[in-house]
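Undergrad: Below is one structure. I have some questions about it.
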Amino acid sequence: MSSGGFRHSPEDLKALMTDATVESLRTRFEGTDGLLRSLKTTSLKGLSSKDVPKHLEYYGRNKVEPRPPKSFCRLFFETFKDVTIIILLIASIVSIIVGSIPSLSEEEYGWIDGVAILVAVLIVALVSSINEFSKEKQFRKLNAIKNNKQIKVVRDGKETVVSIFDVVVGDIVVMELGDQIPADGVLVSCNDMKCDESGMTGESDEIKKDLAANPFVIGSCLVTHGSGRMVVAAVGKYSKHGDILATLQEEDEQTPLQEKLEVLAKYIGYAGIAAAILTFIVLVSRFFVDGRQSNSKNFTQWVGYMITSITIIVVAVPEGLPLAVTISLAFSMKKMMRDQCLVRKLHACETMGSVNNITSDKTGTLTLNRMTVVRMRIENSFYLRTSGKTSADDSECSPMPDAEAIADKKFSRGVAGIFALNSALNSTANLRVDESSKPPKGIKRGKAAVAEEDGSSSIEVIGNKTEGALLMLSRDMGFDYQEFREMLVIDGQAKGAIAHAFEFTSDRKRMSVVLDLEKFGKTSAAESLKGALDLIDDRRSYLVLSKGASEIMLERCRNILKTDGTVVPLTESMRSEYEKTIISYATKSLRTLCVAYRSVSKVDGDRKEGATMEDGTVENIHNYANADYIEKDLTLICLVGIMDPLRPGVTNAVERCKRAGITVRMVTGDNKITAVAIAKECGILPDDISDDIIDKYVTTGPEFRKLSDTELDEILDTLRVIARAAPKDKYRLVKRLKHYNHTVAATGDGSNDAPQLKAADVGLAMGIAGTEVAKEASDIIIMDDNFLSIVRAVEWGRAVLTNVRKFLQFQLTVNVAAVVVAFLGAAVLEESPLTALQMLYVNLLMDSLGALALATEDPAKNVLDYEPVHRAASLIAPGMLRNILIVAFYQIAVILLMIFGVVGDTLLMVPDSVKCIPMADGSCAYNEHGAKAYRYTCIYNFFIFAQLFNEISSRRINNELNVFSGLHKSPMFILIFLGTVGMQLIIMLAPGVRYIFHIFDCSENHQSYCGNSHDHGILWQSWAITLAFALFTVFVHLFGRLKKLKPEFKVSEKAAKRAMEKKNARAAKREKKADKEKRAGKAEAKKLLEPSGSD
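The UniProt record's numbering puts the first residue of the sequence shown at 1, with every later residue one more than the last.
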């Protein structure tokens, strides 16, 4: 492999990351700077886009290919491990041998039956293999999507987002709290960064990262605190994670539904085996009762008895049940992906169908997360971004300040500058604008980006949307946030002028940065902020820029900035006025934030509970800065009201959840007034809820935490909204709901949401706003962060169970009818009216094809019109049991009418040419053999078409009368139905095929039973009669459904408790498996970390 001009090979970099010592970095690579030079990258600008292909070619792709899937041939041969299939194969081979020996066979072509059965078994195995191969392919495709994460990198000097698979050696990766590290690398900058490396090193504590002492980061680990940037050093198979991944193989885990079906299939199989043994005993008994002797001629009969009995087992054992749930899960997962739901864990797909509680975030889930500052207050001045709809209260509002107003000196440039500086530096968001976007006056082309659409431009926020709204406003004011951030660069460090950063947490509800003014002022670009910097006491050394929840920030402010740039004390009356404004904004469903600042001397910044410092270096600021001390005595710049519109369709989706028996609860960080306004708007709370009962429906995080479990339980049923909530509040809510056997789906996006996502029955992480920590803890990722997608996931979850039940209803009807008919035929007639080959065909029809037809249907329109099915509920619903019994009884009754001589001949209009054998005296002898062959063909034709029409009726399992509803949306069902009809016509009409399937045929190769008949199969009158009886199956279903039954059997407390125990056991098993894989990973990591001995 060509070196591509690189000084170090992939193996060299792998050795560096394996050794992971500062000494090795210094001696082999001349430190971090030397590593950057050797990889032709810089910490500020990253790689050049034109160099990325070269890095990719030489250092490889950031992907470890999974182990190759099982080949189709292997899957095909694995189907023959089934005992019944093996016995049937042996029996068919024996039948071929016996049928080929004239001395043992009574028929000239006796071997054909054996060949036909052998071919049928091979077809069944082939279809099963195709289904298994398709499922494996589908799951691998979904896993590839699941593992594809978006990573923020710096290329060409700009931050951009790429797939984790497109990260290359030399990339500068931007890492924030909650991110997953995409590959092995070395830090080039960090801010109080800690990582969870337990899965790789076995160290359970968070590992603190430091540029001097521990700059090495490991791929797949998570950033649990702080932020930083790294240069990628090893990817794919050369990384530590890649090495371990190659040694591990994910095992399939059964879902609860699969476990239930396995138990049910076992008992059905036992019943089938009992029926088969009983049938064989009856046939053998009849053989000896009739006084026949065992000899070589009737040896064929004994083989036939055995084949018939084994075929009963094949028909009775529901191999299609596991196939149905697998197909349904695979189909649903694929469809859910199209509906923006990425299923990470298979069990979650079906568990969503049992959900009766959804705890949802507000921002981005119920709302669009398209933030815009629409209102602002600075001292006694009010500003409004008009949208065509205003109220009387807005008459005294001025237009939102923009670049033109500042240029015309209608708004203070200093006030605007300090706001813009706060928005730019106290933020991690970025704005991306397309080429057609035209920035406002005063902005350099290509430097800014913002999340709005004004007809001529399309602007997108990358990162936090609230911060993006503030950047948007500063952009409108004529400031370039990128220019401000470039002013932070000191000695090659992207944020060298930032002395310290206090990150936002759900507990603090605020965030700040401490700016070193001595370093910041050295940049020439600082001139553009002259007006803003004039507001700061230049005797001070640090500038604190803060923003956060309005009421919390207001408490920490001592002064207020006036519109002319002067600073005055914040009086109690003014504080009270601001509190009223906060309430006013909140009642308009606006999120409220306060933006503030403070200048601090080195002595102030270094002081912590009386501590003293020798100097005021940045390192000391990092060690001694105290958030509570620094973030006080602030000067309030402004109060802003941010609009985040409700998502279209959310109100209807919440209403549908209510109809479906699902309680929607909103847990948000917004204040109580804003939360209530949004909850009313989307239908979680009624519009007319009175103030005297609202405390039963709404609480705040601090109030929630004060409640004992007993007090919480008193309002649990009515509680709908928790405002100013912290992640621990979400976790407690989920645990209390589960304590009362509720099935809970919980949403989350932050790293601190991981516990509640794991605790919920289904954890739903947000795909856009969610951190990698949240995604790793989740079961399903909502790719568009949309509440409507969550409701759609519920629909698909219910569809999984419904589709499996449809197939179960269909299969059990066929099972009961076929087994009873085979047994009665053996007991009464000494033979089954359905041959072994015909029953194998029925098995193919109801197993593989039936599963494909019924398990791939979309959710019905009324899927959310009934209560969720309890996880302990029986697989067989009352309506299903009714449908199975009445339809099976009808089919058995019709077959019994057709099977016996006089009644059957008359009912089926058996022609005289078949019934009559002319005698010498002109009389007519009854041709029992011919009439029986004719009736058996009619029975077979009726039975097949009855199953086809029953398949249509099985599309609905409860009391629904319209079984054709939504049929046009099920192309797979229509295709299989028409294909099966076509196959049946071929079997009934094609001469050669008729012979193989024992279809009545007197047109050629005159059969011994034909008498004077020359008919080409059964007559059209018999066709019409069998089809009419088959079609009547639909009406039997219809008549049965006139008796309305409850959707589900009542679940006993014992059953519910047993289901909970099984669920906990499955969870424990998953934890055990995860621990086992972690231990395996640790062991492999230990090997990798051991010195090679070559140095």
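Cβ atoms here follow ideal geometry from the backbone N, Cα and C, with glycine treated the same way. The structure presented is a predicted model; accordingly, all values stated were derived computationally and were not measured.
When we look at the beta-carbon of I722 and count the other beta-carbons within 10 Å, is it buried (16 or more) or exposed?
TA: Position 722 of the sequence shown, counting from 1, holds the residue named residue 722. Classification of I722: buried, given that the 10 Å Cβ count is 16 or more.
Undergrad: For Y740, count the other beta carbons within 10 Å of its own beta carbon; 16 or more makes it buried, fewer makes it exposed. Which is it?
TA: Stepping through the sequence shown from its first residue, residue 740 is reached at position 740. It is exposed - the Cβ of Y740 has fewer than 16 other Cβ atoms within 10 Å.
Undergrad: With respect to 7 Å, is the separation between the Cβ of P182 and the closest non-hydrogen atom of the ligand ATP below this value?
TA: The ligand ATP is absent from the structure shown, which contains no ligands of any kind.
Undergrad: Give the list of continuous alpha helix (DSSP H) stretches no shorter than 4 residues that lie fully inside the region 831-913.
TA: If we require 4 residues or more, the alpha helix (DSSP H) runs fully inside the region 831-913 come out as 836-844, 850-854, 878-899 and 901-908.
Undergrad: Does the distance from the CB of K157 to the CB of K45 come in under 8 Å?
TA: Looking up residue 157 in the sequence shown gives position 157. Looking up residue 45 in the sequence shown gives position 45. It should be noted that the sequence gives Gly, not Lys, for residue 157. Their beta carbons are under 8 Å apart, which means G157 touches K45 by this criterion.
Undergrad: Write down the C-beta distance between V373 and L261 rounded to the nearest angstrom, noting that I regard them as a contact closer than 8 Å.
TA: Working through the sequence shown from its first residue, we reach residue 373 at position 373. Working through the sequence shown from its first residue, we reach residue 261 at position 261. Going by Cβ atoms, the distance from V373 to L261 rounds to 55 Å, so no, they are not a contact pair.
Undergrad: Can you round the beta-carbon distance between D761 and V355 to whole angstroms, since I take them to be within the 8 Å contact cut?
TA: Within the sequence shown, residue 761 is the residue found at index 761, counting from 1. Within the sequence shown, residue 355 is the residue found at index 355, counting from 1. The Cβ separation is near 7 Å, so the contact holds.
Undergrad: According to DSSP, simplified to helix, strand and coil, what is L222?
TA: Mapped onto the sequence shown, residue 222 falls at position 222. L222: strand per DSSP, three-state reduction.
Undergrad: Let's test the definition: count the other Cβ atoms within 10 Å of the Cβ of E435 and tell me whether it reaches 16, buried, or not, exposed.
TA: Sequence index remark: in the sequence shown, residue 435 carries index 435 (1-based). A caution first: E435 carries a pLDDT of 48, below 50, which makes its placement in the model too unreliable to give a value.
Undergrad: In whole angstroms, what is the alpha-carbon distance linking V289 and W302?
TA: By one-based count along the sequence shown, residue 289 stands at place 289. By one-based count along the sequence shown, residue 302 stands at place 302. Answer to the nearest angstrom: the Cα atoms are 15 Å apart.
Undergrad: Can you say whether M386 is buried or exposed, counting buried as having 16 or more other CB atoms within 10 angstroms of its CB?
TA: For the purposes of this step, residue 386 is taken as residue 386 along the sequence shown, with counting starting at 1. In the sequence under discussion, the amino acid at residue 386 is Thr, which differs from the Met named in the question. It counts as exposed.
Undergrad: Can you find the residues in the same chain that come closer than 6 Å, C-beta to C-beta, to P1091, ignoring five residues on each side of it along the sequence?
TA: Here residue 1091 corresponds to residue number 1091 of the sequence shown, with the count starting at 1. Any reading at P1091 must be qualified, since the residue scores a pLDDT of 46, below 50, and its modelled position is unreliable; no value is offered.
Undergrad: Assuming C1002 is part of the alpha helix (DSSP H), what are its boundary residues?
TA: The residue given as residue 1002 occupies position 1002 in the sequence shown. Careful: C1002 lies outside any alpha helix (DSSP H) and carries neither H nor E.
Undergrad: Smallest Cα separation from Q180: which of S954, A777, F973 and D695?
TA: Taking the first residue of the sequence shown as 1, we reach residue 180 at position 180. Answer by Cα proximity: A777.
Undergrad: Report the start-end ranges of each alpha helix (DSSP H) in the region 134-211 that is 4 residues or longer and not cut off at the edges.
TA: If we require 4 residues or more, the alpha helix (DSSP H) runs fully inside the region 134-211 come out as 198-201.
Undergrad: Which runs of the alpha helix (DSSP H) spanning at least 4 residues fall entirely within the region 302-375, listed in chain order?
TA: Listed in chain order, the complete alpha helix (DSSP H) runs (minimum 4 residues) inside the region 302-375 are 320-338 and 346-351.
Undergrad: Over the uninterrupted alpha helix (DSSP H) stretch that includes T592, give me the two end residues.
TA: The residue given as residue 592 occupies position 592 in the sequence shown. Unbroken run through T592 is the beta strand (DSSP E), L590 to V600; no alpha helix (DSSP H).
Undergrad: Rounded C-beta distance between R882 and L908? I'm assuming under 8 Å.
TA: Residue 882 sits at position 882 when you count from the first residue of the sequence shown. Residue 908 sits at position 908 when you count from the first residue of the sequence shown. With a Cβ gap of about 29 Å, R882 and L908 do not count as contacting.
Undergrad: By Cβ distance below 6 Å, which residues in the same chain neighbour I944 in space, the five residues on each side in sequence not counted?
TA: If you number the sequence shown from 1, residue 944 lands on position 944. Same-chain partners within the cutoff: Q984.
Undergrad: Whole angstroms is fine: what's the gap from E655's alpha carbon to P868's?
TA: By 1-based counting over the sequence shown, the position of residue 655 is 655. By 1-based counting over the sequence shown, the position of residue 868 is 868. Roughly 15 Å separates the two Cα atoms.
Undergrad: I'd like to check one pair, A276 with S309: are the Cβ atoms closer than 8 Å?
TA: Taking the sequence shown and counting its residues from 1, one reaches residue 309 at position 309. Taking the sequence shown and counting its residues from 1, one reaches residue 276 at position 276. Yes. Within cutoff.
Undergrad: If we ignore side chains and look at the alpha-carbon of each, how far apart do V415 and I560 end up?
TA: Here residue 415 refers to the residue found at position 415 of the sequence shown. Here residue 560 refers to the residue found at position 560 of the sequence shown. When rounded, the distance between both Cα atoms is 11 Å.
Undergrad: Pull up the CB-CB distance for I781 and S789, whole angstroms please, since I reckon it's below 8 Å.
TA: For the purposes of this step, residue 781 is taken as residue 781 along the sequence shown, with counting starting at 1. For the purposes of this step, residue 789 is taken as residue 789 along the sequence shown, with counting starting at 1. I781 to S789, Cβ: 10 Å. No contact.
Undergrad: Under 8 Å, do I462 and N430 count as touching if we go by C-beta distance?
TA: In the sequence shown, counting from the first residue as 1, residue 462 sits at position 462. In the sequence shown, counting from the first residue as 1, residue 430 sits at position 430. The answer is yes: Cβ separation under 8 Å.
Undergrad: DSSP three-state label for K547, please.
TA: As a working note, residue 547 is residue 547 in the sequence shown. It is a strand residue.
Undergrad: Helix, strand or coil, according to DSSP, for E132 in the structure here?
TA: Counting from 1 along the sequence shown, the entry for residue 132 is found at position 132. E132: helix per DSSP, three-state reduction.
Undergrad: So, for I886: in the same chain, excluding its five sequence neighbours on each side, which residues have a beta-carbon less than 7 Å away from its beta-carbon?
TA: For the purposes of this step, residue 886 is taken as residue 886 along the sequence shown, with counting starting at 1. If we look at I886 and ignore the five residues flanking it on each side, its Cβ neighbours are V1036 and G1040.
Undergrad: Output needed for H742: all residues of its chain with C-beta closer than 6 Å, excluding positions within five of it in sequence on either side, in chain order.
TA: Counting from one through the sequence shown, the residue named residue 742 turns up at place 742. Excluding sequence neighbours, H742 sits near N356 and N357.
Undergrad: Near D12, what residues of its chain come up, given a Cβ to Cβ distance below 8 Å and the 5 sequence neighbours on each side ignored?
TA: Reading the sequence shown from its first residue, position 12 is the one you call residue 12. Excluding residues within five positions, the ones whose Cβ falls inside 8 Å are R28.
Undergrad: Identify every residue that forms a DSSP beta bridge with R485.
TA: For the purposes of this step, residue 485 is taken as residue 485 along the sequence shown, with counting starting at 1. Answer is none; R485 lacks a bridge partner.
Undergrad: Have a look at K658, A125, V169 and S71 and flag the residue whose alpha-carbon is nearest the alpha-carbon of L36.
TA: Start at 1 with the first residue of the sequence shown, and residue 36 comes out as number 36. Looking at the Cα atoms, V169 is the closest of the given residues.
Undergrad: Along the beta strand (DSSP E) that carries G641, what are the first and last residues, could you check?
TA: Working through the sequence shown from its first residue, we reach residue 641 at position 641. L634 to M643 is the extent of the beta strand (DSSP E) around G641.
Undergrad: Would you decide whether Y267 is buried or exposed? Buried here means 16 or more other CB atoms lie within 10 Å of its CB.
TA: In the sequence shown, residue 267 corresponds to position 267, counting from 1. Its Cβ having fewer than 16 others within 10 Å, Y267 is exposed.
Undergrad: Measure the C-alpha to C-alpha separation of M337 and V343 and round it to an integer number of angstroms.
TA: On the sequence shown, residue 337 is found 337 positions in, with the first residue counted as 1. On the sequence shown, residue 343 is found 343 positions in, with the first residue counted as 1. Their Cα atoms are separated by approximately 8 Å.
Undergrad: Tell me which residues share the same chain as D670 and place their Cβ nearer than 7 Å to its Cβ, disregarding the 5 neighbours each side in the sequence.
TA: Position 670 of the sequence shown, counting from 1, holds the residue named residue 670. Contacts found: K362, R591 and A723.
Undergrad: Fully enclosed by the region 650-732, which beta strand (DSSP E) runs are 3 residues long or longer?
TA: Here the runs fully enclosed are 663-667, 698-700 and 721-723.
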